[in-house]
Amino acid sequence: MRLPFLRRATAPENPLAHIGANSQRLKTPPYQYKPSSTLQLIVHLPANGFVHLQPPLDTTYSTHTPGQYDHILSGEVEVIAPPDWSDNVESITVGVKSLCRLNMGPGREGEVDTLFERSVTLNEGLDIVPGSQRFAFNLILPCTLPVHDYHGPAPTYNTISYRAHSQLVAISSRPPKEKPSPVDAFTSDNAPTPTFVSVKLDAGVTRVIYESSARLRVAHMSERDANFDTLNFERQGLAENLGVYNIKLQSDIWTIAAPFHFIVQLPSLSPLITIFTVRLSILQAPSMRSPRDSPGTPPLTSTVKVVLAEIGEKVPSNHLHPGKERRALWRGSDVGGHGTGDGWKEEIFARLPTDRVLRASTVPGIITPIHVTHAICVEISYSVYGQYADGREMRPTGPGELKTLRITEGIVLPARNEASRYTPLDRVRYRKHLDPLESGEITAVGGGHAIWYGTYSDASTVAHIEQARESLAHEIARQCARREGMMTRLTSDEDAPPRSLKSSRRASRSLTRSRGSAPGGKA
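Residue numbers for the sequence shown follow the numbering used here, so the first one is 113 and each next one is one higher.
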């Protein structure tokens with residue numbers, strides 16, 4: 113078989129020459145703004161649509177109490193008119209709407225009801241000219257609103273969603289350039305594209321309605337004076353045969369999807385005891401009552417058990433008397449194990465599931481069709497040699513019957529506090545293509561897109577911003593120095609005289625002999 117002709121590749125004079133050529137060839141063309149032929153309506157919300165409500169401190173709060181705990185939602189409606197815009201704007205309306213979708217059993221699947229709706233209308237001084245114009249608005253949100261409750265990427269039942277919608281009514285003397293689209297009913301959680309409908313008023317006169325919406329997320333702040341909720345759950349007690357038990361559950365940021373530290377300690381175990389499994393779970397109990405039901409209608413209740421951490425192997429339910437063939441976490445010396453009198457202790461680090469599995473606990477004083485409560489449950493499965501689960505002695509003696517110590521305690525699980533630490537986000541606007549070292553701005557290295565900018569009043573936030581800016585400047589300087597060093601080495605290699613092949617081989621052999629020789633000249 114004849115081998116194909118192989119040609120030796122020759123290195124270019126400058127190894128980085130092709131990189132610059134490729135970068136010039138692959139560079140995207142500059143962005144060119146092309147104005148739309150129709151009017152665009154955009155709703156701008158602070159903190160990317162995340163609202164942190166402060167629930168009432170008084171649990172007997174009612175709708176007749178003055179709204180000293182209510183939240184003011186401040187935003188802007190941006191109107192982008194095309195260059196040939198000449199229509200008269202009649203009004204601009206901005207509002208917030210909350211919907212719940214419940215599954216109340218057979219025959220009542222997918223009931224959709226409006227929980228809250230509030231809007232404000234501006235109908236004076238609306239002189240819309242070609243280009244972009246912004247109109248500020250303020251809406252009062254009651255502190256008794258339920259939290260945003262949505263799970264999964266697809267629409268599901270038993271959810272609560274919020275949307276901020278805007279509407280612009282214009283009087284046009286010309287037919288629309290695009291076909292009218294049906295107005296979105298705000299039943300989907302995904303942000304729809306701006307739509308418009310046209311209504312013919314008279315010959316040659318048409319009323320055009322433009323609409324758009326944006327997603328709004330609502331969460332409750334369980335502690336007013338803390339940026340994040342912490343958890344320090346500790347229980348001590350005395351159990352039959354097990355003796356003293358110490359259980360600790362700690363988390364610096366206690367919220368959905370938060371990491372936690374779980375410690376279980378049994379210091380005074382009997383030599384007849386065998387411990388098989390320790391399980392940490394959270395019990396979630398939702399209670400639903402539809403807005404269509406009367407106040408006396410009993411709610412639909414259920415309980416979901418979510419396992420957070422499990423130590424050891426679970427014993428099958430049909431194995432009532434597990435023996436030495438089953439693996440154990442701790443086995444006493446009198447039952448063939450190596451357990452000592454010092455007891456047993458275990459520590460694990462784990463993380464709570466996301467909001468696709470867990471819901472936030474309902475804060476007292478909130479008006480909502482879905483009330484959720486939580487409880488921590490710790491289960492220790494063990495057996496005592498020669499005893500049944502109720503404590504009776506076995507005749508004849510043998511491996512004891514499997515029993516479980518269950519410790520349950522109510523707990524509050526807050527929603528994700530993703531916006532509580534960045535309180536200045538209420539004054540945030542997003543923009544692109546900024547100078548990375550401009551004052552008050554933060555950008556990702558190599559990205560060229562700003563994360564946020566503006567004025568900040570919180571000292572800790574300012575410190576974080578300054579630290580990030582210093583790290584960014586250091587990274588850019590390091591990359592520039594590294595690039596200059598590479599170019600300097602390439603230039604020095606090109607200027608150096610070429611060495612012959614024989615001299616290179618001779619130098620390598622002498623280097624090898626010098627490395628292999630021992631002190632004194634002996635190998």
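Where is the CB? At the ideal position from N, CA and C, for every residue including glycine.
Counting other Cβ atoms within 10 Å of its Cβ, GLN499 reaches 16 or more and is therefore classed as buried. Of the candidates PRO481, ILE519, GLN152, LEU517, the residue whose Cα lies closest to the Cα of PRO194 is GLN152.
In this structure, the beta-carbon distance from ALA487 to LEU395 falls below 9 Å.
Along the length of the segment 474-525, whole alpha helix (DSSP H) runs at least 4 residues long do not occur.
Note: TRP197 is not bridge-paired with any residue in the DSSP secondary-structure output. The segment 373-389 makes no contact with the segment 194-212, as fewer than three CB pairs between them are under 8 Å. When the beta-carbon positions are compared, LEU392 and LEU354 stay at least 9 Å from each other. A direct Cα-to-Cα measurement between ARG504 and ARG518 gives close to 20 Å. Residue range 385-400 is occupied by the beta strand (DSSP E) that includes PRO398.
Taking C-beta separations shorter than 8 Å and ignoring five residues to either side along the sequence, the partners of GLY243 in its chain run ILE192, ALA193, following chain order. When Cβ pairs closer than 8 Å are counted between the two stretches, the segment 454-468 is seen not to touch the segment 405-416, the count staying below three.
Judged by DSSP secondary structure, GLN362 falls within the beta strand (DSSP E) whose first and last residues are 355-363.
Bounds of the beta strand (DSSP E) holding LYS457 are 456-463. Per DSSP, the beta bridge partners of THR413 are SER399.
Shown here, ASP225 sits in a strand according to DSSP, grouped into three states. The three-state secondary structure of PRO218, taken from DSSP, is coil. In the three-state DSSP reduction, GLN166 falls in the coil class, being neither helix nor strand. In the structure shown, the three-state DSSP call for HIS586 is helix. In the three-state DSSP reduction, GLY237 falls in the coil class, being neither helix nor strand. The closest CA to that of GLY522, considering only ASP341, SER273, SER284, THR485, is found on THR485. A Cβ-Cβ distance of about 6 Å is found for the pair GLY161 and ARG329, placing them in contact under the 8 Å criterion. The beta carbon of GLN362 lies closer than 6 Å to those of ASN344, HIS373 in the same chain, with the five residues before and after it left out. Comparing C-alpha distances from GLU346 to each of LYS360, VAL356, GLU352 shows the shortest one belongs to LYS360. VAL232 is classed as exposed because its beta carbon has fewer than 16 other beta carbons within 10 Å across all chains shown.
Cβ neighbours of GLY217 within its own chain (closer than 8 Å, five residues either side excluded): LEU412. In this structure, DSSP gives ALA369 a state outside helix and strand, which the three-state scheme calls coil.
Approximately 11 Å separates the beta-carbon atoms of LEU525 and ALA369; this is outside 8 Å, ruling out the contact.
Annotation: the continuous beta strand (DSSP E) that includes GLU323 extends over 317-332. Here DSSP, grouped into helix, strand and coil, assigns VAL281 to strand.
A residue is called buried once 16 or more other Cβ atoms fall within 10 Å of its Cβ, and VAL416, having fewer, is exposed. Minimum Cα-Cα distance from GLN245 among the listed residues ARG438, ASP225, ASN215, GLU188 corresponds to GLU188. A distance below 7 Å between beta-carbons, with the five flanking residues on each side excluded, links VAL418 to the following residues of its chain, in chain order: SER393, ILE394, GLN396, PRO465, VAL469, LEU470.
Closest option to ALA501, judged by alpha-carbon separation, among ILE478, HIS433, ILE240: HIS433. Relative to the Cα of HIS164, the nearest Cα in the group VAL155, HIS156, LEU185 belongs to LEU185. For ALA248, the enclosing beta strand (DSSP E) begins and ends at 243-253. In the assembly as shown, VAL281 is a buried residue. Its beta-carbon has 16 or more other beta-carbons within 10 Å.
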